[in-house]
Structures are given as structure tokens and as C-alpha cells.
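Residue numbers (the working numbering): 671 to 793.
Glycine is no exception: its CB is placed at the ideal position from the N, C-alpha and C atoms.
One structure is given here, and the rest of the page talks about it.
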Amino acid sequence: MPPRRSRNGNHTRTTAFGRAGIWKRPLWQRAILWRLALWSFLSRWILVGCAITSSWNDWGREDRQDPDDIDGVRRQLQEQLERNENHDEVRRQAQQQLEQERIRIQDQFLDQNQNQPQEDAGH
671 MPPRRSRNGN HTRTTAFGRA GIWKRPLWQR AILWRLALWS FLSRWILVGC AITSSWNDWG
731 REDRQDPDDI DGVRRQLQEQ LERNENHDEV RRQAQQQLEQ ERIRIQDQFL DQNQNQPQED
791 AGH
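Quick look at the structure:
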């Protein structure tokens, strides 16, 4: 964080760069700081440019596949369809089991309610 502004009443314009005392440093330190600032700015934009370029190169790659590899794509799609069908079958079986369990519990509850008044009448 740069030093605070001085409030000594002089109306000279100072910048954060000047308040940081950059001009009071020796020339070799100023040169190093200038190079660091320049390098950090440039390297950031070099990295951004590389990221954009690499993402552009990946876009549309599936459209440019070799015609020989269409069989591989068909195989992958077929496997995915089979997995989806298997998933649907497993889900259907689980729903059937849940429904059977619900019916069993409901029957038990009804049996208990039917037996309970008879037991109360016997007392």
C-alpha cells in the first residue's frame, strides 16, 4: 500500500507512483522495478493470449474428426445408449420394489388396525 497523501498545504500534484518514493531510489532499483512492472503486465497478456488460442483450437474439434473414426463415434454413442437403457431398467426395478414395499407396509398397518378393535372388545 502506498504512503498516505501529505497534507502540508502545497498544491503540487503527486501520484501514487511518486508517493511510493520511486524517484528517490537509485537508478538500478528503478530499472529493476520498471522491468518487473513491464514483465508482469506483458506476461499476463501473453498467458491470456495463449489461453484464448488453445481454447479456440479445441472448439469444433469434434466436427473435424476423420471419416475413419466415425465407427468409433458410433460405438461410443451405442455404449451410451445401452448405459441409459440399463439405467432406466434399474430405475424401473427400484420403483417396483418401492411400490411392493409400500403395499406390504400398508397391508400390515391395515391388519394391525383391524386386529386392534377386536382386542379392545375382548378386554
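- Arg700 places its beta carbon 9 Å or farther from that of Trp709.
- Membership of Arg695 in any alpha helix (DSSP H) is not indicated, and neither H nor E is assigned to it by DSSP.
- Residue state for Gly691 is assigned as coil, using DSSP reduced to three classes.
- Between the alpha carbons of Ser725 and Asp739 lies a gap of roughly 23 Å.
- Counting only the Cα atoms, Ala721 lies some 10 Å from Asn727.
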